[in-house]
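Counting from 1, position 302 in the sequence shown corresponds to residue 329 in my numbering; the numbering is continuous, with no gaps. A virtual CB, placed ideally from N, CA and C, is assigned to each residue, including glycine. Structure, as structure tokens:
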Amino acid sequence: MQRKYLVQVEEAKEAAAGRPSAGAVYRSIFAKDGFPPPVPGLDCCWDIFRMSVEKNPGNRMLGRRKVVEGNPTKAGEYEWLTYKQVHELVLKIGNSMCSLGYGTGEKCGIYGANCPEWIISMEACNAHGLYCVPLYDTLGAGAIEFIICHAEISIAFVEEKKISELLKTLPSTAKILKTIVSFGKVSDSHKEEVNKFGLEIYSWEEFLQKGGSQQFDLPVKKKSDICTIMYTSGTTGDPKGVMLSNNAIISLIAGVKHLLASVKAEVRETDVYMSYLPLAHIFDRVIEEVFILNGASIGFWRGDVKLLVEDIAELKPTVFCAVPRVLERIYGGLNQKISSGSLLKKSLFNFAYSYKLNQMQKGKKHEQAATIFDKVVFSKVKKGLGGNVRIILSGGAPLAPHIETFFRVVSCAHVLQGYGLTETCGGTFVTLPNELPMLGTVGPPVPNVDVCLESVPDMGYDSLASTPRGEVCIRGDTLFSGYYKREDLTTEVLVDGWFHTGDVGEWQPDGSLKIIDRKKNIFKLSQGEYVAVENLEVIYGLVSDIEAIWIYGNSFESFLVGVINPQKQALEKWGEENGIKGDFNALCEDKRAKDYILGQLSKIAKEKKLKGYEVIRAVHLDPVPFDIERDLITPSYKKKRPQLLKYYQKVIDDMYKVGNKPVA
């Protein structure tokens, strides 16, 4: 079937060799003449920065707000380092690392919120061939300890306020970790603690001088060399280290560059980016690499979500990336302002919104659909994002269609939604500017990968049907090199050059992809965290007052809910002890009983040290056990999750509507 933004490169029967029931292989229409060629001179991640320094030495590169009176909540203008200045700092940090014996193949951890020092440390790793191993700054000491030991991190750069958290991993990590460098200062107590275990710790300024006047030659780096190991949050146990080569990152950048040029949305050296999404995630990392390649500017937030809007107003970014949770917050704030306005203002906004959306639905570009309303009504929304935003990119989890529609109308910017995984080096699909029919999809593939859908018979998904549905499989140079020290897991997902994402997709007539399901019982919440539901059901099933539990969550919500069959005698006994009258059915409807069960779930969650997003926030108590008669379980008593969702859909919707949502 002909699809507007796709070209078919292999027939289904050919693609199916060794992979039963695989659909046809497609790639982007922008790659109809072949994948885009590599960027000349770009052979490794260091070249991205090096080439930009040579071309744009005086351009603003990294900026942070000047703190007023030592109070982070009071900040002035952005202060900037040029590309040349950053390059000088990178060489100093690199020389200091080399003077201590750190070089090619060593593992270097970076732990903390986004800041100029984060990028400088990363570039120093790129310069000398060290593996950069980001440590997500919200990870606890347990996960940090595992990653340091598993990745064999010998030197770590750390945000000053995270030093205490890092020191909690001692003495377990002392056999591997030898040097700690603070992004800021180092207290005497921290020095004393570190010295106990035979480690060295330096402030940023001390480490800059450590190399002295020594000069170290930069090693030759190959495309196949590993550049970074990014650990995923771990859905079924310990985090997995995703190895990404130089080639994966520079191939993705070549594809993104070609795509942006094809839709006339290139990144320019005058562009400004707000860096607040974690650099430990591939989404923000590759975006910033694209900005660096083009000599553009990256400004950092102050690390406080409450101050993010202020930072945006001061920085005035031209490109704004977000996970759905951030856009949901902005959407909620805007709606609150609109609803609290006068009747005249509300009426004007609603009329302008309806008019512009109608024009866009007729095929008009967003910048031409309602120019007068853009100036009179929607310019205020644009000003709230700094006034200069021309592209808003959402990723990390699906963006609800009504929120995507809202921003497409009111932001006066291109609003794009992307999809990708750490294993695919981030963005693998992205919607296109002024293509309103792509709402609710992740768009066509970027022009440097091949994609096919593979049937999932057990779930009823057929990749050879008239509307192809199946597991999304990806092939191309952007794929990861494997999971570090986990060849067994690598061979599970990487088969004959194809990466099996585990996500189920559906091809749309225009060639965009819609993610409709997850092959395994693992799903992503709106903040981008994965949840292994079966594992959680085992843990929560330890509560003695529970007979059975089904846990649900989805990518449009930030927390989990549960449908529970309580243990009849236990709940009746609790009711009697607390003076609550009524039979078992009535007890299951009683809010006090639901709160009691929630309390028991919270206790076990705390006992088993579950993460915040793994805690159940609302429950429905069903006195009738899950049964075969209602098609909720199999004869072997396995849960039939799609049927459970269908049966309890109203209950689920009600749980998310009532006031059980955690405060944002």
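In the structure shown, what three-state DSSP assignment does residue i receive?
i, result
"Arg352", "helix"
"Leu480", "strand"
"Asp622", "helix"
"Thr345", "coil"
"His308", "coil"
"Tyr163", "coil"
"Ile549", "strand"
"Pro198", "coil"
"Phe184", "strand"
"Cys71", "coil"
"Tyr32", "coil"
"Asp504", "coil"
"Gln363", "helix"
"Thr528", "strand"
"Thr451", "helix"
"Lys541", "strand"
"Ser79", "helix"
"Tyr53", "strand"
"Val678", "helix"
"Ile607", "coil"
"Glu38", "coil"
"Phe456", "strand"
"Gly497", "strand"
"Asn612", "helix"
"Pro464", "helix"
"Gln554", "coil"
Assuming residue i and residue j are in contact, meaning their beta carbons sit under 8 Å apart, how far apart are those beta carbons, in whole angstroms?
i, j, result
"Thr259", "Pro266", "6 Å"
"Tyr640", "Gln535", "Rounded, the Cβ-Cβ distance is 30 Å, inconsistent with contact."
"Glu498", "Gly470", "Not confirmed; about 18 Å, so no contact."
"Phe456", "Pro472", "5 Å"
"Arg54", "Asp523", "Rounded, the Cβ-Cβ distance is 17 Å, inconsistent with contact."
"Glu450", "Val269", "6 Å"
"Leu375", "Val336", "No, Leu375 and Val336 are not in contact; Cβ-Cβ is about 24 Å, not under 8 Å."
"Leu271", "Cys452", "6 Å"
"Ile542", "Phe526", "Contact flag wrong, Cβ pair sits at about 15 Å."
"Thr131", "Ala275", "In fact, because the Cβ distance is near 18 Å, the residues do not count as touching under 8 Å."
"Thr607", "Leu628", "This sequence places Ile at residue 607; Thr is not what is there. About 19 Å; that fails the 8 Å criterion."
"Met387", "Leu480", "Contact doesn't hold; Cβ gap of about 30 Å is too wide."
"Trp73", "Lys248", "6 Å"
Quick one, are the C-beta atoms of residue i and residue j less than 7 Å apart?
i, j, result
"Asn222", "Asp252", "no"
"Asp164", "Ala201", "no"
"Met88", "Tyr105", "no"
"Ser216", "Ser482", "no"
"Ala575", "Asn592", "yes"
"Asp401", "Cys439", "yes"
"Val560", "Ile578", "yes"
"Glu144", "Phe62", "no"
"Met465", "Ser539", "yes"
"Val588", "Met682", "yes"
"Tyr358", "Phe310", "no"
"Ser230", "Lys212", "yes"
"Ile566", "Lys635", "yes"
"Gly454", "Gly467", "no"
"Ile339", "Gly413", "yes"
"Glu220", "Leu194", "yes"
"Val651", "Ile624", "no"
"Gly368", "Leu342", "no"
"Phe243", "Asn86", "no"
"Lys546", "Val531", "yes"
Closest Cβ-Cβ distance between residue i and chain C: below 7 Å?
i, result
"Gly580", "In the structure shown, chain C does not exist; there is a single protein chain."
Could you check whether the Cβ of residue i sits closer than 6 Å to any heavy atom belonging to the ligand SAH?
i, result
"Val457", "The model on display carries no ligand, and the ligand SAH is accordingly not part of it."
Checklist line | Three-pair Cβ contact test at 8 Å for the segment 142-158 versus the segment 488-503 | finding: no
Next item on the list: Would you mind listing the alpha helix (DSSP H) stretches within the segment 395-436 that are 4+ residues and don't spill past its ends, in chain order?
Entry: 406-411
Note to self: So within the segment 201-271, which uninterrupted alpha helix (DSSP H) runs reach at least 4 residues, ignoring any that extend past its ends?
What the structure shows: 215-223, 231-237
Notebook entry, point to check: Okay, do the segment 311-325 and the segment 388-400 touch, 3+ Cβ pairs below 8 Å being the bar?
Noted result: no
Next item on the list: Please list the segments of the alpha helix (DSSP H) lying wholly inside the segment 85-145, counting only runs of 4 or more residues, in order along the chain.
Entry: 110-126
Next item on the list: Could you tell me which uninterrupted beta strand (DSSP E) segments, each at least 3 residues in length, are contained entirely in the segment 287-335, listed from first to last along the chain?
Entry: 299-302, 324-327
Check: Is there contact here, the segment 293-306 with the segment 591-603, by at least three beta-carbon pairs under 8 Å?
Finding: no
Margin query: Using a Cβ distance threshold of 8 Å, determine whether the segment 133-149 contacts the segment 172-187, with at least three qualifying pairs required.
Written below: yes
Margin query: To test your reading of the DSSP string, which unbroken beta strand (DSSP E) runs of 3 or more residues are found completely within the segment 564-588?
Written below: 573-579
Next item on the list: Counting only runs of 3+ residues fully inside the segment 633-674, write out the beta strand (DSSP E) ranges in chain order.
Entry: 643-648
Item checked: Stretch-stretch touch, CB-based, cutoff 8 Å, three pairs: the segment 343-358 with the segment 411-424 -> yes
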